[in-house]
Structures are given as C-alpha cells and as structure tokens.
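Quick note, the sequences are listed as chains A and B, same order. Each position in the first sequence, counted from 1, maps to that position plus 78 in this note's numbering. Each position in the second sequence, counted from 1, maps to that position plus 14 in this note's numbering. Glycine included, C-beta positions come from ideal geometry on N, C-alpha and C.
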Amino acid sequence: MSRIFCGALAALLLHVTPTVELVKRVDAVRQMFPAADAWTERELHLSDPDAHRLHEALDWSPEDGVLRFYTGRHAGAPVGALVFVRVDTPHGPLEVAVGFRTDRSVASVVVTKATVETKPWVLTAVRAGLCDHYKGMKAGTVPQAAEQIRDAAGDLPTYMATQVDKGVQRALVAYSEFYK
Amino acid sequence: MLYDLRHADLRLKWLVTCLLATFGLAYCFGAWMVGRYAGFGPRQVAQTYAGPPMRMAMPPDTTVVVEHPLTMGQMAAEDHHVVDIDLLVQDTHVHVPMYGVIAALLSLVVLGLSLSRGAGFALITLLFAAPWLDFAGMWLVKLVSPGFAILTVAGGWAMGAGYTIVTVIAVGQMWFGWKGAA
C-alpha cells in the first residue's frame, strides 16, 4: 500500500506525463528485420551473480530480473536479434529497441516509447539523425551519439539523446554478455 | 414544473440540441479511444489496468534460459497499452470532474423532460453512477482483482446508454411533439 501511496504522491508532485507510443513494437521489429519470417523469444531469468554483474557494469537491472531477446529467422537461419530496453528518465520512461546483426554489431535503433512531454524532444533528436550513429557499434563501445547531434538538435533533444545512449549501452552490454 | 423543454423557447431547445450533439461527438471519439487503448471486453480492460502479473520468485541459482516461438500477434499482445498507477491517478484527476459536469448538464436536460418522478430519479442516478462504476472498476482492477473489469465495462456502456436515452427522449419531445409521462 505504501508503494501505491508513494506512486500516487510522485505522480502528483512530478506530474510525469503519460507514455506515448512512437512506434509500435511489431512495426519496429518489422522495420529492423524485414526478411525475418519467424521469431523466437529468449527469456533469461538472471541469477543473483549475473544480475549483480549487470548492475555493476551499468547501474541497471532489467525489469523482474528477466532479459528478453527476440531472434528473427528467415527460412530457419537467424537474421538478427533485438532487445527492448526501458530507460527511466526524470521526465518519464523511454523505450528503445536495439537490433543486432548476426555479426553482433548494431543493425539499427528505434525509439519506441516516450512521454507526452518528451515526445517532441525525442522526435527532434531522431530527425537530427541520432539513430544512424549507433549502426555498426559493437560490444565495448560507449555510445555518444547525443554529442554528435547537439549542434543540430538543441539542448533538450540532446538531453533525451543521452538517455537513448544509455538504453543502447544497456542493450550492447546485455547482448554481449548474455546472448550467446 | 415550469421548466419544460417541450414548450421551451426555441433558443433553449436549440441550445440543448447543440449540447447533446457536442456530447455525442465527444462520446464517439471517447469510444474510438477506448477501442484503441483499452478495448470493450472485460479481458482487455483487465489487461490494460491490472498490468503484467507480479513476479515474486527468487532469482535462480544459475541464469535460466527459456526460449519459445513467438508470432507477431503475440508480440503485439505483449505490447498492450497498460495504464500504470501514475497514469491512473492523472486520468482520474482529469476525467472525474469533467464526467461530473457532463452528468450534471445531462441531468439538467432530464429535469426539463416530461417524465415520471421515478424515471427522472432513475435517469439522473444512471448518469452519475456510470462514471463512478467506470473509475471504481479501474481502481479495483488495479488494487484488488482483474475480475472487477466488468464494472468498467458496465460503466462505459451505462454512460453510452444514459446519453442515448436522454438524447432520444429530449429530441423526441422537443422537436417531434412526443407526449411525456408526467
């Protein structure tokens, strides 16, 4: 009950605006891997040590301690995998879909959810070419795409882009560590 | 009662007609929005307001991998719009006062209709009970059990029914000379 009370109080004080869907998940999936004709969902229920390792690396834990990867196949052969990562910002949640090619590099990034307040900033960042900067990144890279759009996008879109950077960073680490 | 829409000034009849038409437009878009984000059946409503089931299991000793095929339809279902408690607080804060104003205005129309006292009481009660049921259902689904989604569904249909009954009787009595019961 205290969680409910705190949630209600936080909503009243922070006035976090409702979540809005920028791209439906299924559309993001189709956009990333149009050739895929079959999908599997791989759930990893993390053990304490693995969850701790992820938390140490990223200061982040997946929801319920479960990582979910979606693997696309064409005629039985894998064409890539993707993961949806949620980033909680002070302005509400953001969701990023990160797709990986079979060579384990980033195929593409799509921002799927934002909030009513952050939507215009996110869209400005995306229009400034934010997601293009992630293509080809591999494990070990620290995404800094936000800095690359600062001049074109302005302060608030750049701020949201740093949150997208964070989401991509989480996806890169989670994928390299746990998707074998 | 002096306030009788059947014999009211033409301007008042026109005002009431415009008000009902405007509410009708708002209800149509309301229904469209409900269809897009929640659905009209108890199962979809429960899925929207209850959210995913809470996992209370302890972490496994070693990381467990579970893999299963997934269709696009299942993926879309996993992505069902969910109203969390923060959004529900905000929705309640915004919608309930407006529902109250709408119910009050429709009730003022009811007072000008030629109806028996019992029918008048029943209609006014229906107009105010509908939003109560709607939001009580949402909160009970969130806090108690998904089974209460039926209240929200009933509230939504009651809202539509109340508006339709008032509109049909009002238009009939104002413009087509229907005789009242009072």
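First and last residue of the uninterrupted beta strand (DSSP E) at residue i
{"i": "Asp105(B)", "result": "Asp105(B) -> not in any beta strand (DSSP E); alpha helix (DSSP H) instead, spanning Ile99 to Leu125."}
{"i": "Glu92(B)", "result": "No beta strand (DSSP E) contains Glu92(B), which is instead part of the alpha helix (DSSP H) from Met86 to Glu92."}
Burial state of residue i (16 or more Cβ within 10 Å)
{"i": "Lys156(B)", "result": "buried"}
{"i": "Phe43(B)", "result": "exposed"}
{"i": "Met152(B)", "result": "buried"}
{"i": "Met47(B)", "result": "exposed"}
{"i": "Gly55(B)", "result": "exposed"}
{"i": "Glu173(A)", "result": "buried"}
{"i": "Arg248(A)", "result": "buried"}
{"i": "Ala223(A)", "result": "buried"}
{"i": "Tyr17(B)", "result": "exposed"}
{"i": "Asp181(A)", "result": "exposed"}
{"i": "Arg108(A)", "result": "exposed"}
{"i": "His130(A)", "result": "exposed"}
{"i": "Trp189(B)", "result": "exposed"}
{"i": "His204(B)", "result": "Any question about residue 204(B) goes unanswered here, given that chain B covers just 15 to 196."}
{"i": "Arg25(B)", "result": "exposed"}
{"i": "Lys191(A)", "result": "buried"}
{"i": "Asp229(A)", "result": "exposed"}
{"i": "Gly143(A)", "result": "buried"}
Distance, residue j Cα to residue i Cα
{"i": "Tyr212(A)", "j": "Leu136(A)", "result": "18 Å"}
{"i": "Cys32(B)", "j": "Arg20(B)", "result": "16 Å"}
{"i": "Asp126(A)", "j": "Ala168(B)", "result": "45 Å"}
{"i": "Leu208(A)", "j": "Val101(A)", "result": "16 Å"}
{"i": "Ala90(B)", "j": "Phe135(B)", "result": "45 Å"}
{"i": "Phe142(B)", "j": "Asp105(A)", "result": "41 Å"}
{"i": "Leu119(B)", "j": "Leu29(B)", "result": "12 Å"}
{"i": "Tyr253(A)", "j": "Val180(B)", "result": "59 Å"}
{"i": "Leu100(B)", "j": "Arg179(A)", "result": "Per the sequence shown, residue 100(B) should be read as Asp rather than Leu. The straight-line gap from Cα to Cα measures roughly 37 Å."}
{"i": "Thr178(B)", "j": "Tyr113(B)", "result": "16 Å"}
{"i": "Met238(A)", "j": "Pro198(A)", "result": "10 Å"}
{"i": "Ser159(B)", "j": "Val194(A)", "result": "29 Å"}
{"i": "Val79(B)", "j": "Leu122(A)", "result": "5 Å"}
{"i": "Leu124(A)", "j": "Asp93(B)", "result": "22 Å"}
{"i": "Trp171(B)", "j": "Leu129(B)", "result": "22 Å"}
{"i": "Asp233(A)", "j": "Phe111(A)", "result": "32 Å"}
{"i": "Leu201(A)", "j": "Ala52(B)", "result": "25 Å"}
{"i": "Val176(A)", "j": "Val161(A)", "result": "6 Å"}
{"i": "Arg57(B)", "j": "Ala64(B)", "result": "10 Å"}
{"i": "Leu125(B)", "j": "Phe149(B)", "result": "26 Å"}
{"i": "Val220(A)", "j": "Pro74(B)", "result": "30 Å"}
{"i": "Thr198(B)", "j": "Leu165(B)", "result": "Coverage of chain B is limited to positions 15 through 196, which leaves residue 198(B) absent and any answer about it impossible."}
{"i": "Pro140(A)", "j": "Asp166(A)", "result": "12 Å"}
{"i": "Leu140(B)", "j": "Leu102(B)", "result": "23 Å"}
{"i": "His107(B)", "j": "Lys258(A)", "result": "47 Å"}
{"i": "Gly214(A)", "j": "Ala185(A)", "result": "6 Å"}
{"i": "Ala231(A)", "j": "Val157(A)", "result": "33 Å"}
{"i": "Phe256(A)", "j": "Phe37(B)", "result": "54 Å"}
{"i": "Ala175(B)", "j": "Pro145(B)", "result": "12 Å"}
{"i": "Gly191(B)", "j": "Val182(B)", "result": "12 Å"}
{"i": "Val251(A)", "j": "Thr118(A)", "result": "21 Å"}
Three-state secondary structure (DSSP) of residue i
{"i": "His169(A)", "result": "coil"}
{"i": "Met79(A)", "result": "Only weak support exists for where Met79(A) lies, its pLDDT of 46 falling under 50; the value from the coordinates is given anyway. Coil, per DSSP."}
{"i": "Tyr148(A)", "result": "strand"}
{"i": "Ala155(A)", "result": "strand"}
{"i": "Gly177(A)", "result": "strand"}
{"i": "Leu199(B)", "result": "With chain B running from 15 to 196 in the structure shown, residue 199(B) is simply not present."}
{"i": "Thr118(A)", "result": "strand"}
{"i": "Val101(A)", "result": "coil"}
{"i": "Arg57(B)", "result": "helix"}
{"i": "Lys216(A)", "result": "coil"}
{"i": "Leu16(B)", "result": "coil"}
{"i": "Pro112(A)", "result": "coil"}
{"i": "Leu160(A)", "result": "strand"}
{"i": "Val194(A)", "result": "coil"}
{"i": "His95(B)", "result": "coil"}
{"i": "Glu187(A)", "result": "The sequence as given places Val at residue 187(A); Glu does not occur at that position. Three-state DSSP puts Val187(A) in a strand."}
{"i": "Val158(B)", "result": "coil"}
{"i": "Pro77(A)", "result": "Because chain A is modelled from 79 through 258, residue 77(A) falls outside the range shown and cannot be assessed."}
{"i": "Pro145(B)", "result": "helix"}
{"i": "Leu90(A)", "result": "Confidence is the limiting factor: at Leu90(A) the pLDDT is only 43, short of 50, which leaves the residue's position unreliable and the question unanswerable from this model."}
Terminal residues of the alpha helix (DSSP H) in which residue i lies
{"i": "Glu255(A)", "result": "Asp233 to Phe256"}
{"i": "Leu26(B)", "result": "Leu24 to Tyr51"}
{"i": "Gln222(A)", "result": "Run containing Gln222(A): none; DSSP gives neither H nor E here."}
{"i": "Gly176(B)", "result": "Ala163 to Trp189"}
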